[in-house]
Amino acid sequence: MDVRSQTAMLFHLDKCIGCHTCSIACKNIWTDRKGAEYMWWNNVETKPGTGYPTKWENQSIYKGGWKKDGKENISLRGSGKFKGLLNIFHNPYLPVIDDYYEPWTYKYLDLIESPQGDDQPTAIPVSLLTGKPLDIKSGPNWDDDLSGTPEYARKDPNFENLSPAEQEAMFQLEKMAMFYLPRICNHCLNPACVASCPSGAIYKRGEDGVVLINQKVCRAWRMCVTACPYKKSYYNWGTGKSEKCILCYPRLEAGYAPACMHSCVGRIRYLGVLLYDADKIKDAASAPDNELIEKQLDLILDPFDENVIRMAKENGIADSTIFAAQTSPIYKFVKVWGIGLPLHAEYRTLPMLFYVAPLLPVMATLSTTDNATQAGKLDPIAKFWDKNHLYDTATESIWGTIEQARFPLQYLANMFGTGNEEMIKSVLKKQLAVRIHRRSITVGDIDKNLVAKALIDVGLTPKAADDIYYLTSLAKFDDRFNIPPAHREQALEMLENTGDLKGSNGFGFKEAPMRGM
Amino acid sequence: MNLYNNFFFVAFPYVAVIMFLIGTIYRYRATKFKYSSIASQFLETRRLYWGSVPFHWGIIFLFFGHLTAFLVPRYVLLWNQQPLRLAILEITAFVAGILTFLGLINLFYRRLSNPRIKKVTNYADIILEILLLTEIFFGLWVAYAYRWGSSWFAVVIAPYLKSIFEFNPQTDAIVMLPLVVQLHIIFAFLILLLIPFTRLVHLLVFPLSYLWRPYQKVIWNWNRKKIRNPKMGWTIHKPQNN
Ligand code: SF4
Ligand code: SF4
Numbered sequence: 013m014d015v016r017s018q019t020a021m022l023f024h025l026d027k028c029i030g031c032h033t034c035s036i037a038c039k040n041i042w043t044d045r046k047g048a049e050y051m052w053w054n055n056v057e058t059k060p061g062t063g064y065p066t067k068w069e070n071q072s073i074y075k076g077g078w079k080k081d082g083k084e085n086i087s088l089r090g091s092g093k094f095k096g097l098l099n100i101f102h103n104p105y106l107p108v109i110d111d112y113y114e115p116w117t118y119k120y121l122d123l124i125e126s127p128q129g130d131d132q133p134t135a136i137p138v139s140l141l142t143g144k145p146l147d148i149k150s151g152p153n154w155d156d157d158l159s160g161t162p163e164y165a166r167k168d169p170n171f172e173n174l175s176p177a178e179q180e181a182m183f184q185l186e187k188m189a190m191f192y193l194p195r196i197c198n199h200c201l202n203p204a205c206v207a208s209c210p211s212g213a214i215y216k217r218g219e220d221g222v223v224l225i226n227q228k229v230c231r232a233w234r235m236c237v238t239a240c241p242y243k244k245s246y247y248n249w250g251t252g253k254s255e256k257c258i259l260c261y262p263r264l265e266a267g268y269a270p271a272c273m274h275s276c277v278g279r280i281r282y283l284g285v286l287l288y289d290a291d292k293i294k295d296a297a298s299a300p301d302n303e304l305i306e307k308q309l310d311l312i313l314d315p316f317d318e319n320v321i322r323m324a325k326e327n328g329i330a331d332s333t334i335f336a337a338q339t340s341p342i343y344k345f346v347k348v349w350g351i352g353l354p355l356h357a358e359y360r361t362l363p364m365l366f367y368v369a370p371l372l373p374v375m376a377t378l379s380t381t382d383n384a385t386q387a388g389k390l391d392p393i394a395k396f397w398d399k400n401h402l403y404d405t406a407t408e409s410i411w412g413t414i415e416q417a418r419f420p421l422q423y424l425a426n427m428f429g430t431g432n433e434e435m436i437k438s439v440l441k442k443q444l445a446v447r448i449h450r451r452s453i454t455v456g457d458i459d460k461n462l463v464a465k466a467l468i469d470v471g472l473t474p475k476a477a478d479d480i481y482y483l484t485s486l487a488k489f490d491d492r493f494n495i496p497p498a499h500r501e502q503a504l505e506m507l508e509n510t511g512d513l514k515g516s517n518g519f520g521f522k523e524a525p526m527r528g529m
Numbered sequence: 004m005n006l007y008n009n010f011f012f013v014a015f016p017y018v019a020v021i022m023f024l025i026g027t028i029y030r031y032r033a034t035k036f037k038y039s040s041i042a043s044q045f046l047e048t049r050r051l052y053w054g055s056v057p058f059h060w061g062i063i064f065l066f067f068g069h070l071t072a073f074l075v076p077r078y079v080l081l082w083n084q085q086p087l088r089l090a091i092l093e094i095t096a097f098v099a100g101i102l103t104f105l106g107l108i109n110l111f112y113r114r115l116s117n118p119r120i121k122k123v124t125n126y127a128d129i130i131l132e133i134l135l136l137t138e139i140f141f142g143l144w145v146a147y148a149y150r151w152g153s154s155w156f157a158v159v160i161a162p163y164l165k166s167i168f169e170f171n172p173q174t175d176a177i178v179m180l181p182l183v184v185q186l187h188i189i190f191a192f193l194i195l196l197l198i199p200f201t202r203l204v205h206l207l208v209f210p211l212s213y214l215w216r217p218y219q220k221v222i223w224n225w226n227r228k229k230i231r232n233p234k235m236g237w238t239i240h241k242p243q244n245n
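If you're matching them up, the sequences are chains Z and E in order. Residue numbering for the first sequence follows this note's numbering, beginning at 13 and increasing consecutively. Residue numbering for the second sequence follows this note's numbering, beginning at 4 and increasing consecutively.
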């Protein structure tokens, strides 16, 4: 057992309101520079939708992630030692900037300086690449809220194994549902980006598992862009270096939450430490598809286990980090309650960002009704129909809304369950059980036996249900973000030996970020 | 004439090699952030394919061809004893030369015509591409007009280059050569000199070591086991990934 610590994350999708505050917070701090304008280390997508870069989930185009070779082995799909070096002069799987979008700004000066005329002056968009006027054709969240549209939602790669009838059902106006998917780098345990980098510029930081690109070692071989199945490694066309989410490590080291998490309006984001067994990584990454998630969750160790604590200490993990692992919200969501799942585990990078699958788009059943007769029955205050519900959130059987979900569960399963619908069902049922339990406490209109049965069905105690409720709805900043001290006195030394630089003109990155000669 | 010869075939090669060495060490140590192949495929990929792929494979072939003729001229001569083998060698090399040349023309055209690529072009890129184009053009001319280069390289150029590296430059044979051969040599040293000061640095760091390193890479900034050991002194060496 080789115990290591990982700063892991969890996003609760039911709470995301799609406001993009997280993206803006990140952009303002990290990617507001030449060459990085198009990068969104944090982006929020509407699902169903094509995402950013367009159809990033379709690995037959982008060739990201690992694929299984035979029984034991996995290999990088579009890069790796031989493929990577052979394709180094021209990488056929490299997305180009148009797959993301051509960044632009507006000629605001025209608003002020245009000569007087009959029309209002306009600020035309100009490309940030060439400086020329641009006909904007796509942007970072171009299909925002466009669920159901043929151009975007229907091209979602996650529909692959859905029957045409199921697909159609999702696009009927009355049945349409959508949710938001915020994405950052997953700081994977088996990162494809690290494995694909020919110069070895990308590495996982041992202390906290943050995956970083050394800007001084990157030589623009651009294989990581292909290799990352989540397309979270970006090529800076200005400096000729790749860049990616750094999990705001300077903030983490100072005890702050990453900017996207700190600013999250929906408070959907959680961050905490997980202890895991590095010896089992290879085994977990090469498991058969249907065991992948199970094996990945098995990597995560119980931080209360004495043996684990002993081995962790032996590996030099600080006591403060072990304590953080014991109080980690991620550990609770993922291991104790079992409602956090990785996104697209089938890419085999062992992502360390988990998601609570959304319940809302699933809830409510529909029946076809005659609108004319229904109109009269609308309760003007409560705004619901008393009978023959058009949009029915009431439940006759406990799990009715999940069994007859409005949204094909297969779709969610393709994203969060390697196609396994049962896994999604279990997560959604647990969430529904918590709701039933809480409703019985706050409103009190549900039969006690029914509540008890619901909780037993999903294997939650009332206490656990209350805890889930607390952490989901009421949790304060410090509950959501459990950041182990990086030991500030050592934090700067993680980058440089301060002693060596005493009396010099400063620490950190001192070269101008401009294109090399 | 003597001054001319001494300058171009004795002094200049030394200047070029020394500048190359000093420049390389300086560049590698001082300006690591700018040390990159600064690939532009992300902005334009289709035309790059028709330029970059023939150019790179062609020039790699030519480079190793020249290197072999320099290092083991005897074996090249042995190989060339049979006319058929000589013809195979010369034709392959000539085709590689044409590929390199056409590839580079493609790249040059792309650089000047694509508005996105123009934005990421600087003077060094243009000068370099013109130099390379000229150099390859001279090479093709020599190969075409003064046959059979692979044989007389071994007896004329290889000894000259060897004499340079032995600090005993012998230019007698070189001065007799036709002008374009001389120009080919001078341009070669000029390009060598420019390597550390242009994007050509990327050829010095071709990532072959990728082949034998393990795929995953974990770096501990602080070896917490070690820093807790009272017997350990303060270490001033930071872990680095290169
Ligand atoms: S999400 Fe992509 S960039 Fe991030 S660690 Fe995983 S493979 Fe690397
Ligand atoms: S800030 Fe939070 S709620 Fe808003 S889009 Fe981002 S993740 Fe969703």
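Every residue gets a Cβ at the ideal spot worked out from N, C-alpha and C, and that includes glycine.
Where residue i sits in the DSSP three-state scheme
i: tyrosine 74/Z; result: helix
i: leucine 286/Z; result: strand
i: leucine 362/Z; result: coil
i: tyrosine 215/Z; result: strand
i: leucine 281/Z; result: Sequence check: residue 281/Z is arginine here, not leucine. Arginine 281/Z: strand per DSSP, three-state reduction.
i: glycine 30/Z; result: coil
i: isoleucine 100/Z; result: coil
i: histidine 401/Z; result: Note that histidine 401/Z scores a pLDDT of 46, beneath 50, so its modelled location is shaky; the value from the coordinates is reported in the next line. Coil.
i: asparagine 245/E; result: With a pLDDT of 48 at asparagine 245/E, under the threshold of 50, the predicted position of this residue should be treated as unreliable, though the coordinate-derived value follows. Three-state DSSP puts asparagine 245/E in coil, outside helix and strand.
i: phenylalanine 45/E; result: coil
i: lysine 59/Z; result: strand
i: arginine 30/E; result: helix
Alpha-carbon spacing of residue i relative to residue j, whole angstroms
i: leucine 89/E; j: tryptophan 53/E; result: 29 Å
i: arginine 50/E; j: isoleucine 214/Z; result: 29 Å
i: glutamate 132/E; j: lysine 79/Z; result: 40 Å
i: asparagine 8/E; j: arginine 30/E; result: 31 Å
i: serine 212/E; j: valine 56/Z; result: 38 Å
i: isoleucine 321/Z; j: leucine 201/Z; result: 20 Å
i: alanine 72/E; j: tyrosine 112/E; result: 32 Å
i: isoleucine 62/E; j: glutamate 172/Z; result: 44 Å
i: glutamine 227/Z; j: lysine 220/E; result: 16 Å
i: glutamate 169/E; j: tyrosine 163/E; result: 10 Å
i: proline 373/Z; j: methionine 435/Z; result: 17 Å
i: cysteine 28/Z; j: alanine 466/Z; result: 26 Å
i: serine 153/E; j: tyrosine 105/Z; result: 39 Å
i: tryptophan 223/E; j: alanine 204/Z; result: 19 Å
Beta bridge counterpart(s) of residue i as assigned by DSSP
i: tryptophan 116/Z; result: Ser139/Z
i: arginine 16/Z; result: Tyr288/Z
i: phenylalanine 141/E; result: Per DSSP, none; premise fails for phenylalanine 141/E.
i: aspartate 81/Z; result: Asn85/Z
i: histidine 24/Z; result: Val368/Z
i: leucine 353/Z; result: Tyr367/Z
i: threonine 238/Z; result: Threonine 238/Z is not bridged to any residue.
is_contact[residue i, chain E] using C-beta, thresh 8 Å
i: glutamine 227/Z; result: yes
i: serine 211/Z; result: yes
i: phenylalanine 101/Z; result: yes
i: glycine 160/Z; result: no
i: tryptophan 233/Z; result: yes
Within-8 Å CB hit, residue i to chain Z
i: valine 98/E; result: no
i: phenylalanine 119/E; result: Looking at the sequence itself, residue 119/E is arginine, so the reference to phenylalanine does not match. Yes, arginine 119/E lies at the interface with chain Z (some Cβ there is under 8 Å from its Cβ).
i: asparagine 83/E; result: no
i: asparagine 224/E; result: yes
i: lysine 165/E; result: no
(request) Would you list, in chain order, the members of the region 116-148 of chain Z that have their beta-carbon closer than 8 Å to a beta-carbon of chain E? (result) Leu141, Thr142, Gly143 and Lys144
(message) Along the region 350-375 of chain Z, where does the CB come closer than 9 Å to a CB of chain E? Name the residues.
(response) none
(message) Residues of the region 29-54 of chain E in Cβ contact with chain Z at a cutoff of 8 Å, in chain order, please.
(response) Among the residues of the region 29-54 of chain E, those with a Cβ less than 8 Å away from any Cβ of chain Z are Thr34, Lys35, Phe36, Lys37, Tyr38, Ser39, Ser40, Ile41, Ala42, Ser43, Gln44, Phe45, Leu46, Glu47, Thr48, Leu51 and Tyr52, in the order of the chain.
(request) Residues of the region 191-221 of chain E with a CB closer than 7 Å to any CB of chain Z: list them in chain order, please. (result) Phe200, Thr201, Arg202, His205, Val208, Pro210, Tyr213, Leu214, Arg216, Tyr218, Gln219, Lys220 and Val221
(message) Using a Cβ-Cβ cutoff of 7 Å, what residues of the region 448-474 of chain Z are near chain E? List them in chain order.
(response) For the region 448-474 of chain Z, which is checked against every Cβ of chain E, not one residue is closer than 7 Å.
(message) By the 8 Å beta-carbon criterion, what residues does the region 123-136 of chain E contribute toward chain Z?
(response) Val123, Asn125 and Ala127
(request) Identify each residue in the region 192-207 of chain Z for which the Cβ-Cβ distance to at least one residue of chain E is less than 8 Å, and report them in chain order. (result) Asn202, Pro203, Val206 and Ala207
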